[in-house]
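In the numbering used here, the protein residues as written are 134 to 214. Backbone N, C-alpha and C fix where the C-beta goes; we use that ideal spot for every residue, glycine too. A quick write-up on the structure given underneath.
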């Protein structure tokens with residue numbers, strides 16, 4: 134397991150350009166961390182949290198962009214409930 138990488142909009146070169154708008158939006162409010170696919174898990178993992186707090190949301194998906202969209206959708210749905 135490679136471990137989580139913190140997403141910093143100004144530094145993160147590893148991220149596909151298609152995922153950046155959603156990740157940049159999340160990074161305005163949360164600490165955004167991701168894990169790249171690896172031998173034991175072929176999907177990306179993305180999680181968000183507030184400083185010194187448990188994870189707010191986390192998803193595995195085929196792409197980092199898809200994981201970001203799942204998190205955004207879950208945040209919108211939880212606020213609507």
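Check	Outcome
For residue 178, count neighbouring C-beta atoms within 10 Å of its own C-beta (all shown protein chains included) and say buried if the count is 16 or more, exposed if not.	buried
Under a three-way DSSP split, which group does residue 139 fall into?	strand
Does DSSP put residue 156 in a helix, in a strand, or in coil?	helix
Cα separation between residue 204 and residue 143?	21 Å
Expressed to the nearest angstrom, what Euclidean distance is found between the alpha-carbon atoms of residue 161 and residue 182?	12 Å
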